[in-house]
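Enquirer: I'd like to ask some things about the structure below.
Chains as they are written, first to last, in my numbering: chain A, 522 to 760; chain B, 78 to 427.
Right, here's the structure in full:
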C-alpha cells in the first residue's frame with residue numbers, strides 16, 4: 522500500500538538553530554500514527570513544516586505529489602489539515618461561525634456544509650448545545666472539540682493533531698482519544714503528536730519517538746508500549 | 078450660547094461626523110485585517126470629490142492616469158512574482174485582475190468625457206474610478222511587506238499618502254473645487270432647517286454602517302474578513318488567503334472613501350491636500366474604538382464631528398488643535414481600558 526504522507530529527510534532551521542534534522546516518517550491511508558517525545562523535541566515544528574507554515578528542506582510527498590511548492594491553502598484543499606497546539610480558534614466568533622469557516626473552501630457547497638455540521642455535531646453533541654456561544658468563553662475541553670470540529674469541516678484526509686490532550690482534565694482526555702480512534706471509521710488518517718505517550722500509543726497503529734529534532738526510535742505502537750527505552754523515559758510516571 | 082445654537086452646532090457636527098464614521102470604519106477594517114494604518118484614506122475621499130468635480134466640468138479626471146499607472150505597476154509586479162515562482166498557469170488570471178479589470182472604469186470615464194450625463198451616472202463613474210485605487214496600492218506597496226511590523230507598514234502608508242497627494246496636485250492643480258449640489262431642497266424639523274444634503278450624509282453613514290454590519294454577520298466573505306482579523310494563523314489553516322482578505326478589505330475601504338468624497342464634495346471646497354486632515358480626524362474616531370470595535374468607532378467618529386463643530390464655534394483658528402488634543406485623554410483612557418482588558422483575558426485562560 523502506498524503511503525498517504527511520506528516525509529523524507531526533512532530539516533527545519535530557525536536561524537542557525539536546527540529544530541528538526543533529517544526526519545523521515547510515513548502515514549498509510551486509514552492509519553493513526555503518533556510522534557511522541559519530550560518538550561522542545563521539534564514535534565510542533567515538524568507538523569508546521571508538513572502543513573507549510575514554516576520553511577523546510579527535504580521532501581514532503583502527500584498523496585503521491587510533492588507539496589513543496591504548495592502553500593498552506595493548497596495543501597488544505599488536498600485534505601491535509603492541522604489542528605495546532607495553540608488551537609488558533611476565532612476567539613470572538615461563535616461556535617457556529619468557527620465551524621462554518623472550517624468549511625471555507627467548500628463555501629459554495631450548501632449540501633456539504635449541512636452534512637458536515639451534522640457529522641461534527643454527531644461527534645461532539647456539546648458543540649451543538651453551544652452553537653451560539655463565543656469561542657473564547659468555552660472551557661478548555663470544548664475549545665479542543667471546536668478545534669477538532671473545525672478541522673473536520675475542511676474535508677480532511679490526513680488530520681495532524683498537535684497535543685490534543687494538553688491541559689485537559691483526564692475525563693475529557695479519554696473522550697478526545699475515543700474520538701480520535703473513531704476518525705478511522707470516517708476514513709481520516711491521523712498524525713498525532715502527544716506528550717501523553719501512553720494514551721497516544723494505545724490509540725495509534727504506529728509510533729515514532731522524536732528527541733532533540735531527530736528520530737530515535739520507531740515501530741508498531743503496541744511494540745513501543747512495551748519497549749524498555751520508551752517505558753523508562755515516557756511511560757514511567759503514568760502507570 | 079443658547080440651546081438653538083447648541084442644536085445647530087450638534088446637527089452640523091453629526092453631519093460632518095457621519096463622513097468621519099464612514100472613513101473611520103474603513104480604517105478599522107483595513108487595520109484589523111491587514112495591520113496597515115491606511116493614512117491615505119482621506120486622500121482617497123478627496124480624490125473622489127475632485128474626480129466628480131472634473132467630470133462635471135467636462136474634463137477627463139486625472140484619476141484615470143493614476144488608476145492606469147497603478148494597474149500597470151501592479152501587473153508588472155504580479156507577473157514577475159508568478160514567473161519567479163514558476164506559477165505560469167495563473168498569468169491569465171493576473172492579467173485579468175490587475176490589467177483588464179482596473180482599466181475598465183478609466184476606459185468608461187474616457188469614453189464619456191464631455192457628455193452631459195445625469196448626476197447619478199457621473200457619481201457612479203467617479204466612484205468606479207476610485208474603487209481600484211486602494212486594492213492596487215495594497216498590491217504595490219503593502220503586499221510585498223506582508224511580514225513587516227506595524228510600524229514599517231505605517232511608515233509606508235505615510236509615504237503613500239505623500240505620493241498620492243502629490244499626484245493629486247499634478248492632476249487637479251492647486252485650486253479648490255466644489256461639486257454640484259445633489260439637491261438644494263431642505264425641510265424643517267423641530268424648527269431647525271435641515272438640508273437634503275445633510276440628511277443624505279447622515280442617512281448614508283447609517284445605511285453603509287448597517288450594510289457593513291450585515292456583511293460581517295451574515296455572509297461567509299464577511300466572516301472570512303472577521304476571522305482573518307481575529308486570528309491570522311487560524312484563518313490560513315481553514316484556507317482563507319490573507320492576500321485575498323486584504324484585497325477585499327482594501328476594496329471595501331475604497332468604496333467607503335469614495336462615497337465619503339462624493340458626499341462632502343458639494344458642502345466643502347476641497348483641495349488636492351484636503352483629504353489628509355479628514356483622514357486624521359476619522360483616525361481619532363478609530364482610536365476611540367481602539368482600532369477594533371466598529372460600534373465604538375462609529376460613536377467616536379460622531380463625537381469628533383460634534384467636538385469639531387463646537388470648537389470651531391468657540392475659536393475657529395484652534396479647532397484642529399482642540400480636536401487633536403482630544404487624542405491625549407482618549408489614549409490615556411484607552412490604555413487604562415486595555416490594561417484591565419488583559420487581566421480579563423488571563424482569567425478566561427485560567
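A virtual CB, placed ideally from N, CA and C, is assigned to each residue, including glycine. Small disclaimer: the values here were computed from a predicted structure and weren't measured.
Could you check whether residue 404 (chain B) and residue 361 (chain B) sit closer than 7 Å to each other, using their CB atoms as the reference points?
Expert: As a first step, residue 361 (chain B) is located in the second chain; it is residue number 284 there, counting from the start. As a first step, residue 404 (chain B) is located in the second chain; it is residue number 327 there, counting from the start. Cβ distance < 7 Å, so residue 361 (chain B) and residue 404 (chain B) count as in contact.
Enquirer: How big is the Cα-Cα spacing for residue 686 (chain A) and residue 242 (chain B)?
Expert: On the first chain, residue 686 (chain A) is found 165 positions in, with the first residue counted as 1. On the second chain, residue 242 (chain B) is found 165 positions in, with the first residue counted as 1. Between the alpha carbons of residue 686 (chain A) and residue 242 (chain B) lies a gap of roughly 55 Å.
Enquirer: Against residue 587 (chain A), what residues of chain B qualify as contacts under a CB-to-CB distance less than 8 Å, listed in chain order?
Expert: Looking up residue 587 (chain A) in the first chain gives position 66. The premise fails here: residue 587 (chain A) is roughly 13 Å from chain B at the closest Cβ pair, so nothing lies under 8 Å.
Enquirer: Provide the residue span of the alpha helix (DSSP H) that contains residue 97 (chain B), from first to last.
Expert: Position 20 of the second chain, counted from the start, is the residue given in the question as residue 97 (chain B). Looking at the DSSP string, the run of the alpha helix (DSSP H) that includes residue 97 (chain B) is 80 to 111.
Enquirer: Tell me whether residue 759 (chain A) sits in a helix, a strand or coil according to DSSP, three-state version.
Expert: Walking along the first chain from the start, residue 759 (chain A) turns up at place 238. Low local confidence applies: a pLDDT of 46 at residue 759 (chain A) is under 50, so the model's placement there is unreliable, and no value is given.
Enquirer: Could you list which residues in chain B have their beta carbon closer than 8 Å to that of residue 675 (chain A), in chain order?
Expert: Here residue 675 (chain A) is taken as the residue at index 154 of the first chain, counted from 1. Under the 8 Å cutoff, chain B gives 315 and 316.
Enquirer: Assign residue 146 (chain B) to one of two classes, buried (16 or more other C-beta atoms within 10 Å of its C-beta) or exposed (fewer than that).
Expert: For the purposes of this step, residue 146 (chain B) is taken as the residue at position 69 of the second chain. Label assigned to residue 146 (chain B): exposed.
Enquirer: Can you give me the Cβ contacts of residue 598 (chain A) inside the same chain, cut-off strictly under 7 Å, excluding the 5 residues immediately before and after it?
Expert: As a first step, residue 598 (chain A) must be located in the first chain, where it is residue number 77. These residues qualify, in order along the chain: 626.
Enquirer: So with CB distances below 8 Å, who are the chain A contacts of residue 297 (chain B)?
Expert: Locating residue 297 (chain B) in the second chain gives position 220, counting from the first residue. Neighbours of residue 297 (chain B) on chain A, chain order: 621, 622, 625 and 628.
Enquirer: Going by alpha carbons, who is nearest to residue 574 (chain A) out of B:98, B:316 and B:204?
Expert: Counted from its first residue, the first chain places residue 574 (chain A) at position 53. Ranking the options by Cα distance to residue 574 (chain A), first place goes to B:316.
Enquirer: Identify whether residue 545 (chain A) lies in helix, strand or coil by the three-state DSSP scheme.
Expert: Locating residue 545 (chain A) in the first chain gives position 24, counting from the first residue. It is a strand residue.
Enquirer: Starting from residue 739 (chain A), follow the beta strand (DSSP E) in both directions and report where the run begins and ends.
Expert: The sequence position of residue 739 (chain A) within the first chain is 218, counting from 1. 735 to 741 is the extent of the beta strand (DSSP E) around residue 739 (chain A).
Enquirer: Is there a Cβ of chain B sitting closer than 7 Å to that of residue 611 (chain A), yes or no?
Expert: Counting from one through the first chain, the residue named residue 611 (chain A) turns up at place 90. It does: the Cβ of residue 611 (chain A) has a partner Cβ on chain B nearer than 7 Å.
Enquirer: For residue 681 (chain A), does the three-state DSSP call read helix, strand or coil?
Expert: Counted from its first residue, the first chain places residue 681 (chain A) at position 160. Residue 681 (chain A): strand per DSSP, three-state reduction.
Enquirer: Among B:95, B:93, B:108 and B:84, which has the Cα closest to the Cα of residue 306 (chain B)?
Expert: Indexing the second chain from 1 puts residue 306 (chain B) at position 229. Of all alpha-carbon atoms in B:95, B:93, B:108 and B:84, the one lying nearest the alpha-carbon of residue 306 (chain B) is that of B:108.
Enquirer: What does the alpha-carbon distance come out to for the pair residue 371 (chain B) and residue 363 (chain B)?
Expert: For this step, residue 371 (chain B) is matched to residue 294 along the second chain. For this step, residue 363 (chain B) is matched to residue 286 along the second chain. Roughly 8 Å between the two C-alpha positions.
Enquirer: By the three-class DSSP mapping on this structure, what secondary structure does residue 580 (chain A) have?
Expert: Stepping through the first chain from its first residue, residue 580 (chain A) is reached at position 59. In the structure shown, residue 580 (chain A) adopts extended strand secondary structure according to DSSP, grouped into three states.
Enquirer: Among residues of its own chain, excluding the 5 on either side of residue 551 (chain A), which ones have a beta-carbon nearer than 8 Å to its beta-carbon?
Expert: For the purposes of this step, residue 551 (chain A) is taken as residue 30 along the first chain, with counting starting at 1. Result list for residue 551 (chain A): 705, 708 and 710, in chain order.
Enquirer: Please tell me whether residue 544 (chain A) has its Cβ less than 7 Å away from any Cβ of chain B.
Expert: Taking the first residue of the first chain as position 1, residue 544 (chain A) is located at position 23. Closer than 7 Å: no.
Enquirer: Looking only at its own chain, which residues have a Cβ that is under 6 Å from the Cβ of residue 624 (chain A), when we skip the five neighbours before and after it?
Expert: Here residue 624 (chain A) is taken as the residue at index 103 of the first chain, counted from 1. For residue 624 (chain A), where only same-chain residues beyond five positions count, the Cβ hits under 6 Å are 634, 637 and 674.
Enquirer: If residue 127 (chain B) and residue 245 (chain B) are in contact, beta carbons under 8 Å, what's the gap, nearest whole angstrom?
Expert: Working through the second chain from its first residue, we reach residue 127 (chain B) at position 50. Working through the second chain from its first residue, we reach residue 245 (chain B) at position 168. Right, the Cβ-Cβ distance comes to about 7 Å (below 8 Å), so this counts as a contact.
Enquirer: With a cut-off of 7 Å, does the C-beta of residue 223 (chain B) fall near any C-beta of chain A?
Expert: In the second chain, counting from the first residue as 1, residue 223 (chain B) sits at position 146. Answer no: the Cβ-Cβ gap between residue 223 (chain B) and chain A never drops below 7 Å.
Enquirer: Just curious, the alpha helix (DSSP H) that residue 301 (chain B) is in, first and last residue?
Expert: Along the second chain, one-based indexing puts residue 301 (chain B) at 224. Looking at the DSSP string, the run of the alpha helix (DSSP H) that includes residue 301 (chain B) is 297 to 307.
Enquirer: Note down, in chain order, every chain B residue with its Cβ under 9 Å from the Cβ of residue 671 (chain A).
Expert: The residue you call residue 671 (chain A) lines up with position 150 of the first chain. Ordered by position in chain B, the residues that pass the 9 Å Cβ test against residue 671 (chain A) are 311, 314 and 315.
Enquirer: Three or more C-beta pairs under 8 Å: does that hold for the stretch 141 to 158 of chain B against the stretch 169 to 189 of chain B?
Expert: Enough Cβ pairs lie closer than 8 Å, so yes.
Enquirer: With 7 Å set as the bound, which would you pick, yes or no: does the beta-carbon of residue 593 (chain A) sit closer than that to a beta-carbon of chain B?
Expert: Stepping through the first chain from its first residue, residue 593 (chain A) is reached at position 72. Yes - at least one Cβ of chain B is within 7 Å of the one on residue 593 (chain A).
Enquirer: Less than 7 Å between the beta carbons of residue 672 (chain A) and residue 659 (chain A), yes or no?
Expert: Taking the first chain and counting its residues from 1, the one referred to as residue 672 (chain A) is at position 151. Taking the first chain and counting its residues from 1, the one referred to as residue 659 (chain A) is at position 138. Their beta carbons are not under 7 Å apart, which means residue 672 (chain A) does not touch residue 659 (chain A) by this criterion.
Enquirer: Can you tell me which of B:396, B:294, B:406 and B:133 puts its alpha carbon nearest to the alpha carbon of residue 192 (chain B)?
Expert: The sequence position of residue 192 (chain B) within the second chain is 115, counting from 1. Residue B:133 is the option with its Cα nearest to residue 192 (chain B).
Enquirer: Do residue 533 (chain A) and residue 562 (chain A) count as a contact pair if the criterion is CB distance below 7 Å?
Expert: Here residue 562 (chain A) refers to the residue found at position 41 of the first chain. Here residue 533 (chain A) refers to the residue found at position 12 of the first chain. Taking 7 Å as the Cβ cut-off, residue 562 (chain A) and residue 533 (chain A) do not qualify as a contacting pair.
Enquirer: Note down, in chain order, every chain A residue with its Cβ under 7 Å from the Cβ of residue 307 (chain B).
Expert: Position 230 of the second chain, counting from 1, holds the residue named residue 307 (chain B). Simply 611, 612, 613 and 614.
Enquirer: Give the range of the alpha helix (DSSP H) segment to which residue 120 (chain B) is assigned.
Expert: For this step, residue 120 (chain B) is matched to residue 43 along the second chain. Residue 120 (chain B) -> alpha helix (DSSP H) spans 118 to 133.
Enquirer: Can you find a CB in chain B that lies within less than 7 Å of the CB of residue 584 (chain A)?
Expert: Translated into positions along the first chain, residue 584 (chain A) becomes position 63. Output row for residue 584 (chain A): interface = no.
Enquirer: With a threshold of 8 Å, are at least 3 pairs of Cβ atoms found where one atom belongs to the stretch 109 to 123 of chain B and the other to the stretch 205 to 218 of chain B?
Expert: yes
Enquirer: Would you say residue 597 (chain A) lies against chain B (beta-carbon separation less than 7 Å)?
Expert: On the first chain, residue 597 (chain A) is found 76 positions in, with the first residue counted as 1. True, the Cβ-Cβ gap to chain B drops below 7 Å.
Enquirer: Count Cβ pairs between the stretch 89 to 106 of chain B and the stretch 273 to 290 of chain B that sit closer than 8 Å; are there 3 or more?
Expert: Output reads yes: the stretch 273 to 290 of chain B touches the stretch 89 to 106 of chain B.
Enquirer: Spell out whether any CB of chain B is found under 7 Å from the CB atom of residue 618 (chain A).
Expert: As a position in the first chain, residue 618 (chain A) is number 97, starting the count at 1. Judged by the 7 Å Cβ criterion, residue 618 (chain A) is in contact with chain B.
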